[in-house]
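Trainee: Taken in order, the sequence shown gives residues 1 to 522; the numbers are from the working numbering. Okay, here's the structure, questions in a sec.
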Amino acid sequence: MSEFRVVVIGAGMGGLAAAAELAANGCAVTVLERAPTPGGKMRALDSAAGPIDAGPTVLTLRGVFEALFAAAGSDFAAAVKLSPLDTLARHAWDSGPTLDLFADRARSADAIGRFAGAAAAQGYRDFCVRTKRVFEALDAPFMRAPLPTPWGLTRDLGVSGVAALLAGSPFATLWGALGRHFVDPRLRQLFARYATYVGASPFACPATLMLIAHVEQEGVWSVEGGMHALARAVANLAAKRGASFVYGADAARIEIAGDAVTGVTLRDGRRFAADAIIFNGDAVALSTGKLGEAARRAVPAIHRRQRSLSALVWTLSAPPGRFPFRRHNVFFARDYRAEFADIFKRNRPPADPTVYVCAQDRADGDPHSGAPERFLVLANAPADGDGPVGDPQTIPRARAAVEEVLSRCSASIDLTTPGAVLTTPRDFDRLFPATGGALYGQASHGWMASFNRPGTATRLAGLFLAGGSAHPGAGVPMATLSGRLAASAVLARRASISTFRATVTRGGMPMAGARTGVTASR
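This is how it looks when you write it as structure tokens:
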């Protein structure tokens with residue numbers, strides 16, 4: 001048969017992973033990307049001190065990337081240079097003591113004991129046991145499965161797996177479950193922050209998201225050249241296996257004939273024929289008609305109220321001040337519940353935000369010379385970037401609130417430094433259409449939220465999803481897994497079509513259903 005043509009819309013990590021795997025399996029892969037470079041949200045912005053990661057800053061689950069490269073016949077370690085971080089993050093509350101968490105759990109327990117007492121240290125140890133059980137229960141049957149359902153998950157887990165899942169209190173909120181381990185409100189706040197890794201509120205997301213803590217405790221790495229170097233490495237891998245990349249390619253319409261996709265048309269009129277398409281954008285772009293009316297019915301609509309967090313993100317080069325930064329630093333709000341009420345109920349940037357700072361030039365315990373360093377400063381915000389323009393003082397007030405939190409912790413950073421770049425929810429909506437600036441797809445609120453994400457397949461034969469808005473969810477490793485799931489579905493479709501063509505050639509009449517491939521969706 002002729003080459004099996006696959007068009008990937010979007011060169012984020014999900015699309016890149018799919019492209020690499022499909023090209024390595026002999027598909028004719030074309031990747032269409034609006035931006036001039038690969039990476040999607042994993043982007044870098046220029047500064048006087050060099051490129052600054054302006055998206056994800058944390059690499060975890062290294063094995064996901066090792067497996068991807070191995071499947072494509074390459075060596076991840078040779079392509080991407082990683083350095084393990086001894087200090088996972090430094091945490092600060094006003095002018096009080098800081099608390100570091102370490103890759104070594106025993107060191108973290110000791111640090112927590114000094115910070116909040118022996119009972120808190122034991123609570124942390126118990127929490128680590130619990131999060132490990134939840135992660136191990138959900139890793140294969142949920143995160144690596146193409147279309148999990150509550151009933152199928154229960155079946156696949158078995159008795160011991162269900163017990164481990166129930167230990168994660170799936171029907172409780174993360175905030176509520178953390179009270180079982182941490183009396184000190186600062187520790188509860190610290191571990192509740194893992195909800196924001198998938199754009200959720202700890203007061204609304206299921207407690208099973210505590211597994212993110214286990215993922216981070218298993219190791220955090222910095223990438224030589226920044227996180228954008230990881231995206232470039234996967235793009236290079238795909239290209240070496242034969243995938244072609246078209247940048248500045250703005251997809252306007254997914255074409256269909258009958259019940260199946262046939263190609264993609266760009267806004268400039270160019271058309272790319274396809275036997276299968278992987279959409280590596282936010283699924284809401286399909287349901288709102290951004291890729292044409294034919295694709296609108298491919299996935300269920302997502303209401304604006306279901307959106308995940310957006311953010312205000314500053315990237316800048318500035319003097320570090322007096323605070324002893326590590327690479328990852330968190331400066332906490334005084335009232336965590338009020339912060340998320342501002343975002344999800346009042347639809348405004350929080351008056352007192354928690355602030356994340358990535359000091360990109362720092363490793364573990366690096367001293368600073370006082371010279372300007374590269375910083376990413378992030379505060380959570382509502383995904384309202386496609387709404388009406390509101391009060392012009394909203395952003396200045398939000399900036400002042402961020403600077404106030406940093407100042408309380410002796411970590412003053414001037415966000416108006418010349419050359420500083422601010423990305424707002426409105427900017428994120430322009431970069432990632434139809435999202436309103438939501439950075440993680442739909443919010444993981446309620447115990448069914450993880451099952452309500454769009455799966456790999458869609459209602460259109462030959463159209464598949466990859467990226468953080470699709471299963472298994474947000475985050476660089478999860479988006480990468482989504483790409484591999486999409487690649488597997490495409491290869492199954494290729495095999496189905498090959499069988500159909502062979503049957504027609506031999507017998508002159510197709511077998512019923514032979515061409516349908518994988519078309520089920522939620």
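Using N, Cα and C, we set each Cβ at its ideal position, and we do this for glycine too. All figures in this text were calculated on a predicted structure; none of them were measured in a lab.
(1) Does the stretch 182-202 come close enough to the stretch 443-452 that 3 or more CB-CB pairs lie under 8 Å?
(2) In angstroms, rounded to a whole number, what distance separates the CA positions of proline 477 and aspartate 139?
(3) Report buried or exposed for glycine 55, applying the criterion of at least 16 other Cβ atoms within 10 angstroms of its Cβ.
(4) With distances taken from CA atoms, which of Arg188, Ala235, Phe102 is nearest glutamate 216?
(5) Can the beta-carbon of isoleucine 277 be found less than 8 Å from the beta-carbon of isoleucine 52?
(6) Going by the beta-carbon positions, is the gap between alanine 381 and alanine 311 smaller than 8 Å?
(7) Could you give the C-beta distance for alanine 192 and tyrosine 336, rounded to a whole number, given that I count them as a contact under 8 Å?
(8) Per DSSP, threonine 87 is paired with what?
(9) In three-state terms, what does DSSP make of alanine 224?
(10) Whole alpha helix (DSSP H) runs in the stretch 196-223 with 4 or more residues, listed along the chain?
(11) Report back the beta-carbon spacing between glutamate 373 and serine 317 to the nearest angstrom; my notes put them in contact at under 8 Å.
(12) Determine contact between the stretch 336-350 and the stretch 407-420, defined as no fewer than three beta-carbon pairs at a distance below 8 Å.
(13) Tell me the DSSP secondary structure of valine 8 in three-state form.
(14) Please go through the same chain and pick out, in chain order, the residues whose beta-carbon is closer than 6 Å to the beta-carbon of serine 2, but skip the five residues on each side of it.
(15) Does the beta-carbon distance from glycine 468 to alanine 479 come in below 8 Å?
(16) Return the first residue and the last residue of the alpha helix (DSSP H) that alanine 118 is part of.
(17) If I measure Cβ to Cβ from arginine 241 and keep anything under 7 Å in the same chain, skipping five residues before and after, which residues do I get?
(18) Which of the three DSSP states is assigned to tryptophan 447 in this structure?
(19) Taking just the CA atoms, how far does glycine 117 sit from alanine 18?
(20) How many Å lie between threonine 394 and tryptophan 314 at the Cα?
(21) Compute the Euclidean distance between the alpha carbons of arginine 326 and leucine 82, then round it to the nearest angstrom.
(22) Would you check if the distance between the CB atom of glycine 248 and the CB atom of glutamate 255 is smaller than 8 Å?
(23) Judging by CA-CA distance, which residue of Thr87, Ala400, Leu485, Asp361 is the nearest neighbour of serine 47?
(24) Can you name the residues that DSSP bridges to glutamine 360?
(25) For glutamate 33, count the other beta carbons within 10 Å of its own beta carbon; 16 or more makes it buried, fewer makes it exposed. Which is it?
(26) Are the Cβ atoms of threonine 208 and proline 170 separated by less than 8 Å?
(27) Indicate whether alanine 285 and leucine 291 have their beta-carbon atoms separated by less than 8 Å.
(28) Could you say which of Ser95, Arg107, Cys205 lies nearest to glycine 409 if we only look at CA atoms?
(29) Can we say the stretch 227-245 touches the stretch 375-389, given the rule of at least three CB pairs closer than 8 Å?
(30) What is the residue span of the alpha helix (DSSP H) that phenylalanine 523 lies within?
(31) What ranges does the beta strand (DSSP E) occupy inside the stretch 319-349, keeping only unbroken runs of at least 3 residues that lie completely in it?
(32) Taking C-alpha atoms, which residue in Thr424, Ile343, Thr57 lies nearest to alanine 359?
(33) Given a threshold of 16 other Cβ atoms within 10 Å of its Cβ, counted over all protein chains shown, does arginine 133 qualify as buried or as exposed?
(34) Residue range of the alpha helix (DSSP H) that leucine 431 falls in?
(35) Just grab the DSSP bridge partners of phenylalanine 464 for me.
(36) Use the C-beta contact count for glycine 370: other C-beta atoms within 10 angstroms, 16 or more gives buried, fewer gives exposed.
Mentor: In brief:
(1) yes
(2) In the sequence shown, counting from the first residue as 1, residue 477 sits at position 477. In the sequence shown, counting from the first residue as 1, residue 139 sits at position 139. The straight-line gap from Cα to Cα measures roughly 12 Å.
(3) The residue labelled residue 55 in the question sits at position 55 within the sequence shown. Label assigned to glycine 55: buried.
(4) Taking the sequence shown and counting its residues from 1, one reaches residue 216 at position 216. That would be Phe102, whose Cα lies nearest to the Cα of glutamate 216.
(5) As a first step, residue 277 is located in the sequence shown; it is residue number 277 there, counting from the start. As a first step, residue 52 is located in the sequence shown; it is residue number 52 there, counting from the start. Cβ distance not < 8 Å, so isoleucine 277 and isoleucine 52 don't count as in contact.
(6) As a position in the sequence shown, residue 381 is number 381, starting the count at 1. As a position in the sequence shown, residue 311 is number 311, starting the count at 1. Yes, the pair counts as a contact, with Cβ atoms nearer than the cut-off.
(7) Working through the sequence shown from its first residue, we reach residue 192 at position 192. Working through the sequence shown from its first residue, we reach residue 336 at position 336. 7 Å between Cβ atoms; contact.
(8) The sequence position of residue 87 within the sequence shown is 87, counting from 1. DSSP output for threonine 87 lists Phe102 as bridge partner(s).
(9) Translated into the one-based positions of the sequence shown, residue 224 becomes position 224. A quick correction: the sequence has glutamate, not alanine, at residue 224. Coil, per DSSP.
(10) Counting only runs of 4 or more, we get 211-217.
(11) Sequence index remark: in the sequence shown, residue 373 carries index 373 (1-based). Sequence index remark: in the sequence shown, residue 317 carries index 317 (1-based). At roughly 7 Å, the Cβ-Cβ gap stays under 8 Å, so glutamate 373 and serine 317 are in contact.
(12) no
(13) Your numbering for residue 8 matches position 8 in the sequence shown. Reduced to three states, the DSSP call for valine 8 is strand.
(14) As a position in the sequence shown, residue 2 is number 2, starting the count at 1. The beta carbon of serine 2 sits closer than 6 Å to no other beta carbon from its chain once the five residues preceding and following it are set aside.
(15) The residue given as residue 468 occupies position 468 in the sequence shown. The residue given as residue 479 occupies position 479 in the sequence shown. In contact: glycine 468 and alanine 479 (Cβ atoms closer than 8 Å).
(16) Reading the sequence shown from its first residue, position 118 is the one you call residue 118. Start and end: 118-138.
(17) Along the sequence shown, read from residue 1 onward, the residue named residue 241 stands at position 241. Counting only Cβ-Cβ distances below 7 Å, and skipping sequence neighbours, we find Ala20, Ala23, Ala24, Ala72.
(18) The residue labelled residue 447 in the question sits at position 447 within the sequence shown. Residue state, collapsed to three classes: coil.
(19) Along the sequence shown, read from residue 1 onward, the residue named residue 18 stands at position 18. Along the sequence shown, read from residue 1 onward, the residue named residue 117 stands at position 117. Roughly 47 Å between the two C-alpha positions.
(20) In the sequence shown, counting from the first residue as 1, residue 394 sits at position 394. In the sequence shown, counting from the first residue as 1, residue 314 sits at position 314. Answer to the nearest angstrom: the Cα atoms are 15 Å apart.
(21) Start at 1 with the first residue of the sequence shown, and residue 326 comes out as number 326. Start at 1 with the first residue of the sequence shown, and residue 82 comes out as number 82. One C-alpha to the other measures close to 17 Å.
(22) Here residue 248 corresponds to residue number 248 of the sequence shown, with the count starting at 1. Here residue 255 corresponds to residue number 255 of the sequence shown, with the count starting at 1. No, these two residues do not count as a Cβ contact at 8 Å.
(23) The residue labelled residue 47 in the question sits at position 47 within the sequence shown. Of Thr87, Ala400, Leu485, Asp361, the residue nearest in Cα terms is Asp361.
(24) By one-based count along the sequence shown, residue 360 stands at place 360. Glutamine 360 is not bridged to any residue.
(25) What you label residue 33 is simply residue 33 of the sequence shown in a count that begins at 1. With 16 or more other Cβ atoms within 10 Å, it is buried.
(26) For the purposes of this step, residue 208 is taken as the residue at position 208 of the sequence shown. For the purposes of this step, residue 170 is taken as the residue at position 170 of the sequence shown. Yes, Cβ-Cβ distance for threonine 208 and proline 170 is below 8 Å.
(27) Here residue 285 refers to the residue found at position 285 when the sequence shown is read from its first residue. Here residue 291 refers to the residue found at position 291 when the sequence shown is read from its first residue. Cβ distance < 8 Å, so alanine 285 and leucine 291 count as in contact.
(28) Sequence index remark: in the sequence shown, residue 409 carries index 409 (1-based). Contrary to the premise, residue 409 reads as cysteine rather than glycine in this sequence. It is Ser95.
(29) Put simply, the stretch 227-245 does not touch the stretch 375-389. Fewer than three CB pairs are less than 8 Å apart.
(30) No statement about residue 523 is possible, as the shown extent of the chain runs from 1 to 522 and does not include it.
(31) 328-331
(32) Residue 359 sits at position 359 when you count from the first residue of the sequence shown. Residue Thr57 is the option with its Cα nearest to alanine 359.
(33) For this step, residue 133 is matched to residue 133 along the sequence shown. Burial check for arginine 133: the Cβ neighbour count within 10 Å reaches 16 or more, so the residue is buried.
(34) Locating residue 431 in the sequence shown gives position 431, where the first residue counts as 1. Run containing leucine 431: 425-431, per the alpha helix (DSSP H) assignment.
(35) Taking the first residue of the sequence shown as position 1, residue 464 is located at position 464. Phenylalanine 464 is bridged to Ile278, Ala457.
(36) Working through the sequence shown from its first residue, we reach residue 370 at position 370. Result: exposed.
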